[in-house]
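Below is one structure, written out as structure tokens; the observations come after it.
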Amino acid sequence: SNSKTTVSQLSNVIVPFKDLMNDEYARDISNKVKSVYKTKALKREFVGGTTPYGYKKNPDNKYQLIIDEDEAVNIRLIYEKYLAGEGQIKICKHLNDNKILCRKEVQRRKKRGISLEPDADEIFYNWSKSTIGKILTNETYIGNVVQNRTTTVSYKNHKIIYKPRGRMGSCRKYTWGDY
């Protein structure tokens, strides 16, 4: 009975201590990951997961973007049409009517080993007005890349906070000409 009480008392002391150590470990790892992303951004390394449409990661340096000529043709077309006065819906309709595959459809076909020829399979994913809008407002297409736009409240609270544009702090903006 006495030994059970001692084990129970010891457990009452050890469990909160372990919780405190685990919490400190999680906080430390979170800070290290944020630091690595900030350092990579300062070194002008692309740290995003998916590249913007029209770009791909350089095979010799996965932190550098290069133009994907196959997709860049479509980006140029989108901007040409927009500058000619066409709206997002009309541009979207043109791309879909001409069976120009959007990135999601290309990824679907590659994953399944389906030809990228438009008529090789049914098109499941089409261009949308929101995709065209994102392309037209993405600074990447004018030579800027803005990284670290968002952060989280803390390592425990994963709510996303958007950093103000005027005060970027660790949000890094640079031009591709800097490479």
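Per this note's numbering, the very first residue in the sequence shown carries number 835; after that it's consecutive. Every residue gets a Cβ at the ideal spot worked out from N, C-alpha and C, and that includes glycine.
Alpha carbon to alpha carbon, how far is residue j from residue i? Give it in angstroms, no decimals.
{"i": "Gly-977", "j": "Ala-860", "result": "37 Å"}
{"i": "Val-1025", "j": "Lys-915", "result": "The requested residue 1025 does not occur in the structure, where the chain is confined to residues 835 to 1013."}
{"i": "Glu-858", "j": "Thr-873", "result": "23 Å"}
{"i": "Asp-953", "j": "Val-987", "result": "47 Å"}
{"i": "Asn-856", "j": "Lys-990", "result": "12 Å"}
{"i": "Val-980", "j": "Glu-879", "result": "11 Å"}
{"i": "Lys-896", "j": "Gly-947", "result": "24 Å"}
{"i": "Trp-961", "j": "Asn-892", "result": "26 Å"}
{"i": "Lys-963", "j": "Ile-925", "result": "8 Å"}
{"i": "Thr-1101", "j": "Ile-957", "result": "Residue 1101 cannot be examined here, being either before or after the span of the chain that is shown, 835 to 1013."}
{"i": "Tyr-943", "j": "Asp-894", "result": "Correcting the residue identity first, residue 943 is Arg in this sequence and not Tyr. Their Cα atoms are separated by approximately 25 Å."}
{"i": "Ala-918", "j": "Tyr-959", "result": "26 Å"}
{"i": "Ile-863", "j": "Thr-840", "result": "35 Å"}
{"i": "Asp-853", "j": "Ser-845", "result": "12 Å"}
Could you work out which residue in the options is closest to residue i when comparing CA atoms only?
{"i": "Gly-921", "options": "Ile-969, Arg-878, Asp-853", "result": "Ile-969"}
{"i": "Pro-998", "options": "Asn-991, Thr-984, Tyr-989", "result": "Thr-984"}
{"i": "Tyr-887", "options": "Asp-862, Leu-876, Ile-901", "result": "Ile-901"}
{"i": "Gly-883", "options": "Ile-994, Glu-903, Tyr-996, Asn-982", "result": "Asn-982"}
{"i": "Lys-877", "options": "Ser-949, Gln-898, Lys-890", "result": "Gln-898"}
Could you tell me if residue i is buried or exposed, where buried requires 16 or more neighbouring beta carbons within 10 angstroms of its beta carbon?
{"i": "Asn-908", "result": "buried"}
{"i": "Ile-912", "result": "buried"}
{"i": "Thr-965", "result": "buried"}
{"i": "Glu-905", "result": "buried"}
The ligand PLP and residue i: does the residue's C-beta get closer than 7 Å to at least one heavy atom of that ligand?
{"i": "Arg-878", "result": "Looking at this structure, you won't find the ligand PLP or any other ligand, since it has none at all."}
Inset, instruction - Could you say if the stretch 867-874 and the stretch 839-850 meet the contact criterion of at least three C-beta pairs nearer than 8 Å? - result: no
Inset, instruction - Evaluate contact between the stretch 929-937 and the stretch 975-991, counting only Cβ atoms and requiring at least three cross-stretch pairs below 8 Å. - result: no
Legend entry - Any beta strand (DSSP E) of 3 or more consecutive residues that is wholly inside the stretch 855-921: 889-892, 895-901
Inset, instruction - Please go through the stretch 911-986 and give each complete beta strand (DSSP E) segment of 3 or more residues, from N-terminal end onward. - result: 978-981, 984-986
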